[in-house]
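For the sequence shown, the residue numbers in the working numbering are 1470 to 1878.
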Amino acid sequence: MILKQSKYFLFIFFVSFELFSNPVFTLDDLIDIANQANPVIDVIQAKQDAAKAGITVAEQYLNPSVGLAVGPTKTRTPPTENDKNWALGISQPLEFSDVRKSRKDIAESNLEFVDELNRGTKINLMLNIKSAFYDVIHNQEILKIADADQKVIQDIRDRVELRVNVGESPRYELIKADTELLAAKRDAQAAKLRIQERKFFLKGLIGQNMPDDFDLEGKFPESNINISKSDVTNLISESPRLKQLKAASSVFENKIKLEKNLVNPGVTLSAGVNQDPGIRNYTIGVSIPLPIWNQREGQISQAEANLREVEATYNQQSLLLKRDIDAAYQRYLIAKEQVLTFEENLLAQAESVLKVVEAAYRFGERGILEYLDAQRTQRIVRKDYLSARLDYIVSIMEMEQLLGSKIME
């Protein structure tokens, strides 16, 4: 009976813990939720639907026109008689095939432009989520370091206080220990504030479906991501920025064709019947506009100027993109070298120095000040290592944003 009650209370404890604990999300979870809940996704879908509807509009045929006229008839020769007349007519404008094709080409090019614009918007959203996520992970690691340091320094401080109270150590050693403890607490508090701030930012990026309180689980990507300059250069043509301009260029090229074709857009077929007293006339005809006064020179020149502007912008953006890629790649190389330096040398050296100084302090060969300095130095090295890891990740994400391609898993 007691065993059953213990199991029951244990079950209630775990259920309550699950109900009242914060939900935990990974990076993939956040991206999946954003794809479903972020308003930007709705905007993207609406733009795409509108562009697809533009193709439907371009494929539509012109509607026919029907006319009916009724009126009195009065003869001019006696005997004068009053009667009625009526006329019924129908006309159907027909566009030439090259005009319809140009309209459809413009709509399809516009859909391609919208697709590339939406792709760039979605890439930026996902990279902003990744950046905020890794920023939280970064500060969580700093918080772990600060919490661990607080425990160690608190223990040292208590021992120093005891030695100061019995007169074995000068009071400035206690002041030094209090200063180091205060610095560790300040680091922990700053990390907590930054974590909360970035979580609020994440909630705004993802959508209202995110709870107010949540936790994140994840780790930094490995520091052995190898990116060659040739691979990066080959991906420049896949940049959303350039693809948008390429699609815009195609829109204006087709616009020029359409304006030229609209000089003589098509013909209008007509048929009708006229009923006068005593006589009925049937007619059938065709009409075609004569481009005498208006040959759409202004519209053609305007489309050509827009095309030249887009082409010049494309060339300019190509140069700027190559410059930005080169700069981001150099930052990646520097950040990677710094991370490897920490992992291969500095972290181990700082840990080794701390152990030596700690052992010497316990045997009375080193003072408390040297031990605290070694402790602070190791904390700074670990924090600098985490900052280098974050810079390394940010440099890769910057290249991903510029290229529109996923480099880091």
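Every residue gets a Cβ at the ideal spot worked out from N, C-alpha and C, and that includes glycine. It should be emphasised that the depicted structure is a prediction, and the values quoted were computed from it without experimental measurement.
Note the first and the last residue of the continuous alpha helix (DSSP H) segment covering Asp-1681.
Where Asp-1681 is concerned, there is no enclosing alpha helix (DSSP H), given that its DSSP letter is neither H nor E.
Out of Asp-1681, Ile-1644, Ala-1843, state which residue places its alpha-carbon closest to the alpha-carbon of Asn-1491.
Checking every option, the nearest Cα to that of Asn-1491 belongs to Asp-1681.
Buried/exposed call for Pro-1746, threshold 16 Cβ in 10 Å
Here Pro-1746 is exposed: its Cβ has fewer than 16 other Cβ atoms, across all protein chains shown, within 10 Å.
Contact under 8 Å by Cβ, Ile-1876 with Glu-1867:
no
Tell me the rounded alpha-carbon separation between Pro-1562 and Pro-1541.
31 Å
Give the straight-line distance between the Cα atoms of Ala-1880 and Leu-1731, rounded to the nearest whole angstrom.
Residue coverage of the chain in this structure runs from 1470 to 1878, which leaves residue 1880 outside it and unanswerable.
Given Ala-1576, which residues of its chain have a CB within under 6 Å of its CB, disregarding the five upstream and five downstream residues?
Gly-1523, Ile-1524, Ala-1527
Please state whether the Cβ-Cβ distance between Leu-1776 and Glu-1691 is less than 8 Å.
no
Check Ala-1527 in the structure and name its three-state DSSP category.
Of the three classes helix, strand and coil, the one that applies to Ala-1527 here is helix, per DSSP.
Taking the continuous beta strand (DSSP E) assigned at Lys-1543, which residues delimit it?
1534–1543
Nonlocal neighbours in the same chain, by C-beta distance under 7 Å from Gly-1873, ignoring five residues either side
Arg-1588, Gly-1589, Ile-1592, Glu-1707, Ser-1708, Pro-1709
Proximal residues to Arg-1663 (C-beta, below 6 Å), its chain only, five neighbours per side dropped:
For Arg-1663, the CB contacts under 6 Å within the same chain, skipping 5 residues up- and downstream, are Asn-1608 in chain order.
Got a sec? Which residues, its chain only, sit under 7 Å from Lys-1654 by beta carbon, not counting five neighbours each side?
These residues qualify, in order along the chain: Gln-1619.
What's the gap between the Cα of Leu-1704 and the Cα of Met-1595?
19 Å
Assigned exposure category for Tyr-1861 - 16 Cβ within 10 Å defines buried
So Tyr-1861 ends up on the buried side.
Span of the alpha helix (DSSP H), counted from its first residue to its last, around Arg-1749
Taken as a continuous stretch (DSSP letters only), Arg-1749 belongs to no alpha helix (DSSP H), being part of the beta strand (DSSP E) at 1748–1756.
Between the C-alpha atoms of Ser-1864 and Glu-1813, what's the straight-line distance to the nearest angstrom?
Going from the Cα of Ser-1864 to the Cα of Glu-1813 covers about 21 Å.
Hey, out of Val-1825, Lys-1570, Gln-1807, Val-1512, whose CA is closest to Ser-1856's CA?
Gln-1807
Residues in the same chain with beta-carbon distance under 7 Å from Ser-1718, minus the five sequence neighbours each way, listed in chain order, please.
Leu-1776, Val-1779, Glu-1780, Tyr-1783
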